[in-house]
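Protein chains: 4
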Amino acid sequence: MLKKRIPFLNLSEDEENRLKHKIFDIIFETNTRIGKLFNIILLFLILASVGLVMLESIPSINARYHKTLVALEWMLTAIFTLEYLLRIYCTKKHWKYIFSFYGIIDLLAILPFFIGLIYPGSKFLSSIRILRLLRVFRIFGLTQFTRGRNVLVIALLQSREKIIAFLSFVLLIVVVIGSIMYMVERNHPESGFTSIPISIYWAIVTLTTVGYGDVAPVTTLGQFLASVVMIIGYGIIAVPTGIVTMEMNKAAKDDIPKNTEVCPHCADDYHLDGSKYCKTCGYKLNPHDKK
Amino acid sequence: MLKKRIPFLNLSEDEENRLKHKIFDIIFETNTRIGKLFNIILLFLILASVGLVMLESIPSINARYHKTLVALEWMLTAIFTLEYLLRIYCTKKHWKYIFSFYGIIDLLAILPFFIGLIYPGSKFLSSIRILRLLRVFRIFGLTQFTRGRNVLVIALLQSREKIIAFLSFVLLIVVVIGSIMYMVERNHPESGFTSIPISIYWAIVTLTTVGYGDVAPVTTLGQFLASVVMIIGYGIIAVPTGIVTMEMNKAAKDDIPKNTEVCPHCADDYHLDGSKYCKTCGYKLNPHDKK
Amino acid sequence: MLKKRIPFLNLSEDEENRLKHKIFDIIFETNTRIGKLFNIILLFLILASVGLVMLESIPSINARYHKTLVALEWMLTAIFTLEYLLRIYCTKKHWKYIFSFYGIIDLLAILPFFIGLIYPGSKFLSSIRILRLLRVFRIFGLTQFTRGRNVLVIALLQSREKIIAFLSFVLLIVVVIGSIMYMVERNHPESGFTSIPISIYWAIVTLTTVGYGDVAPVTTLGQFLASVVMIIGYGIIAVPTGIVTMEMNKAAKDDIPKNTEVCPHCADDYHLDGSKYCKTCGYKLNPHDKK
Amino acid sequence: MLKKRIPFLNLSEDEENRLKHKIFDIIFETNTRIGKLFNIILLFLILASVGLVMLESIPSINARYHKTLVALEWMLTAIFTLEYLLRIYCTKKHWKYIFSFYGIIDLLAILPFFIGLIYPGSKFLSSIRILRLLRVFRIFGLTQFTRGRNVLVIALLQSREKIIAFLSFVLLIVVVIGSIMYMVERNHPESGFTSIPISIYWAIVTLTTVGYGDVAPVTTLGQFLASVVMIIGYGIIAVPTGIVTMEMNKAAKDDIPKNTEVCPHCADDYHLDGSKYCKTCGYKLNPHDKK
């Protein structure tokens, strides 16, 4: 277990451990009062910062309040960055956290801003911060929410291979359909079939029944083929549904309630209810839990 | 049980109770001949008033018959208002009715008109009256209808948490997708991606496979990303279906026929067939029923 | 059992009965060689006549070959009319046939033409003749086809009440959604929300995820509401699927193969395999069947 | 079993047989190291050639690099042609291979190019080569992929008859709907309903919920009918899903893992795991397999 001292303030090891524990409880723990408070504040800060980015993207508003928006964004990013560093600091296995699902999201949440300093455009990616809500949701032990999600996740994972098979099949046929349509429509530029890639784009837009209409066949043959494509799409749109429904039924059965404790040692979450030790590293779970 | 006398006509308490009973039977009761008649008339009045609102909204027609339409609307609203007051009057627990599902709808059905006197636009909301048909449907004991509905309602309630989980997930990703697409397309105003909110709107329009085409990517990268989004949408559109289908199967099993009596005491409806007393307040059900 | 003689050629009753039998075998019977031949010819005549109507509807072609097309149409309609009369003549219970499902279709197939002589437009309805193929399909004992269809029909009938409940629910909400959107967008004519009926049309176009884009919100609020509507639609589009899937499972079980004999007496079709007598009128089935 | 000698190099029969075996192992075999290598190269060549065709279809790029692209295409097609001939040569039953599923695809992959020499347009069909990936996928024994696919294929085959029944039903109604809409909208050319075929195209675009909006009703009646069509479509879009889901459930049960050996004798693939002899011609399977 690697230890790292904060340079400037020099503490004895166990003073530091106590500090780490305190921080951990505040940031990660769901059962302590202060932990809950922290996460509620976090929730609002995240929403605020996403709102900021959106406002900035609206020309009229940005024109007016540019300075204010930027200032606020600086502030919020600063907070998130500090939080991120503390998260690293207080988890025992730093790297484990950094490369954990939430660790990566936490990083992605602040990165775009800094990249934005060099490539202005990318700052709009900051709204990726919204994904951090996933943790907050989980933390408030919206068990029914998480349980509902579990069923979905399990079902999707279960049907993974079938869906991949299905999608790769779809990809093959859209290429074929796209090429054929391009051949048919290429002499009518008004139809919008200006290249095979565009035609493939059209094929996807059509098969998925989105149908923007920015590209649409104009020749009789083209429209006939399009009709065939749609009828096919009509038939195969049923497939993913069938898959998921099937798996959903299975998943629904073995849907076990999870709790939302986080291992202070390896930052692993999702342990079975009432588990005393981390299922991954065997470290004792929330010793401060007063339940 | 609070009693209230009508001021102007002074009746003995049980005269008034008899009166209330009479009114109740006419307005709420489904089994008496006069009750049925009343509700049939009500049905047509509701349809008429909704038709009125629609006609008013058609410029050409409104220009011609404005006066007539307004007059008729005044009349119908007057009737509905009176009816509403009588409903309050004749139910024993006034507030119970007022805050019951149908009580609120009855209020919403007349409110827009009066608000419309101040803010003209809002009067078009009057067509919300159509929702009053729900009661009429129920009242005509279209049991098969109501039973059909029960299965749906149960299924939807059962899958509530899963659907919420699913929707909140969708909301998170549309924000992310929207921001990314905005970054890609923002330098091509003709694409319509003029701000992140608009891009999120596009993401929803696309994921749900509605695809208006008022906003559509024009850059190759944008169209490629859009294709990915559609393929994803193709995959996840299966999820809600899977959920509902699953629950529907369960719901179908425990689908018990309900009858449509209304408790004269607490205005609670949906009692099991042949129940003699209100399942909520134990009050005797339709004593006037001649079956 | 009413008898009718053909006026001009005077035959003894049983001569006539023999004649009727002969005609019946040709027109209705599926097992005699000549019956099959007749129906194959009929199949092509139907397709031809539908093709005709389509060609007539294409301005360029109609301009060129108007005379020919009209001539051919006269001819084909004459044939169909004659056939219709013969069908009436040779079935014992004339009215039973006339008001049977196929009897009505046979009439609808020729009616538009004659109406078209007065109101030119209506002649295009002649393409309704395509529905006559239903009989032909059945007649060629495409059992797998018919069986496949049976499952569908049964499933749809079974889920009838639920689907009605669902659709009437949809109808109520589109009215409400339409009115609200009209209120929001009415001051932006470019959005296309020019009246409540149009707004309801938009609501249906959106909820069903068709999304033409001919009417689309332009205000931020309007687009936000539209997004909500789509998300809702996303959720409830699952409902009919759930219903049908559920019923389909049941239907699949009790899916009994049917044969395609037609009762010469009451023109009732769909008898259980190997039935010797008409399930409706007890009349002996296809006595000419050489199996 | 027909033998054919290569004219120019004269080998004894069993020298030739040995040669054939060698080639067969390289081209068809999945278990030998060299076979794997060959197929990996093939994979990239296929992707490259499809990429080429796409690039050629993009005007700007084609203008610049036309010569290079054509040259590369010549080269790749030459390779594929040679490969095709070798495949014929080394399979014992030549015709069996030529008319096998993959044999036909292999031919279709090179044909467009040669046709393109006469009719330039058709060369874009070359991207049909992408279908050759199907074999490559299979060859790399992506069992989970293939198994996933099996379930789909089985389900679709199982539901074949029901889907045909459904589609033919859909075809009938789109003709009827199309004609009716044409009658209603034909006097408003701006709506785009310029002929019955176009109207049918519209009906399909609408029923499948694609909804381009290139053709859309403008009259009130037309929009009303369109709404009805959409509601219907809403109801029946559930049907194929129901069908597939149902079959999927069955298929999931009897989903047996397949292996991907190819019979050197009749080029039949898909044998049960661990089968020693070709299930079709009893020929010994992959004698070179070192497992």
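Chains as they are written, first to last, in the numbering used here: chain A, 1 to 291; chain B, 1001 to 1291; chain C, 2001 to 2291; chain D, 3001 to 3291. Cβ atoms here follow ideal geometry from the backbone N, Cα and C, with glycine treated the same way.
Cβ-heavy atom distance, residue i to the ligand SAM, below 8 Å
i	result
residue 1159 of chain B	Ligands in the displayed structure: none, and consequently the ligand SAM is not present.
Delimiting residues of the alpha helix (DSSP H) encompassing residue i
i	result
residue 131 of chain A	Residue 131 of chain A -> no alpha helix (DSSP H), and no H or E assigned at all.
residue 1221 of chain B	1220-1236
residue 2014 of chain C	2013-2027
residue 208 of chain A	No alpha helix (DSSP H) contains residue 208 of chain A, which DSSP labels as neither H nor E.
residue 1033 of chain B	1033-1057
residue 1170 of chain B	1160-1185
Own chain, CB closer than 7 Å to residue i, minus 5 neighbours either side, in chain order
i	result
residue 2188 of chain C	2218 and 2219
residue 2017 of chain C	none
residue 85 of chain A	none
residue 3175 of chain D	3200
residue 2045 of chain C	2076 and 2079
residue 94 of chain A	88
residue 3247 of chain D	3155, 3158 and 3159
residue 2042 of chain C	2136
residue 1226 of chain B	1206 and 1217
Close Cβ partners of residue i (< 8 Å) along its chain, the five nearest in sequence each way excluded
i	result
residue 81 of chain A	110
residue 1065 of chain B	1055
residue 233 of chain A	206, 207, 208 and 209
Residues near residue i in its chain [Cβ-Cβ closer than 6 Å; skip 5 each side]
i	result
residue 126 of chain A	53, 112 and 113
residue 1178 of chain B	1196, 1199, 1200 and 1203
residue 2038 of chain C	2026
residue 3049 of chain D	3076 and 3129
residue 2256 of chain C	Any answer about residue 2256 of chain C is weak, because its pLDDT of 41 lies below 50 and its placement is not dependable; what the coordinates show is given next. If we look at residue 2256 of chain C and ignore the five residues flanking it on each side, it has no Cβ neighbours.
residue 108 of chain A	128
Chain-ordered neighbours of residue i on chain F, where CB pairs are closer than 7 Å
i	result
residue 194 of chain A	In summary, chain F is missing from the structure at hand, where the protein chains are A, B, C and D.
Chain D contacts made by the stretch 2049-2060 of chain C, where a contact means CB separation under 8 Å | 2050, 2053, 2054, 2057, 2058 and 2059
Residues in the stretch 3225-3249 of chain D with C-beta within 7 Å of chain C's C-beta atoms, listed in sequence order?
-> 3227, 3230, 3231, 3233, 3234, 3235, 3238, 3239, 3241, 3242, 3243, 3245 and 3246
Jot down the residue ranges of each uninterrupted alpha helix (DSSP H) in the stretch 3090-3121 of chain D, minimum 4 residues, whole runs only, in chain order.
-> 3094-3098 and 3101-3118
What are the residues of the stretch 211-222 of chain A that lie near chain C, defined by any Cβ-Cβ distance shorter than 8 Å?
-> 211, 212 and 213
Selection of the stretch 1167-1183 of chain B by Cβ proximity to chain A, strictly under 8 Å | 1168, 1169, 1172, 1175, 1176, 1178, 1179, 1180, 1182 and 1183
Output, in sequence order along the chain, the residues in the stretch 18-34 of chain A whose CB is closer than 9 Å to any CB in chain C.
-> none
Relative to chain D, which residues along the stretch 2109-2123 of chain C have a C-beta separation below 8 Å, given in chain order?
-> 2121 and 2122
Contact set between the stretch 3068-3091 of chain D and chain C, restricted to residues whose Cβ is under 9 Å from the partner = none
When Cβ atoms are compared, which residues of the stretch 199-211 of chain A fall closer than 9 Å to chain C?
-> 209, 210 and 211
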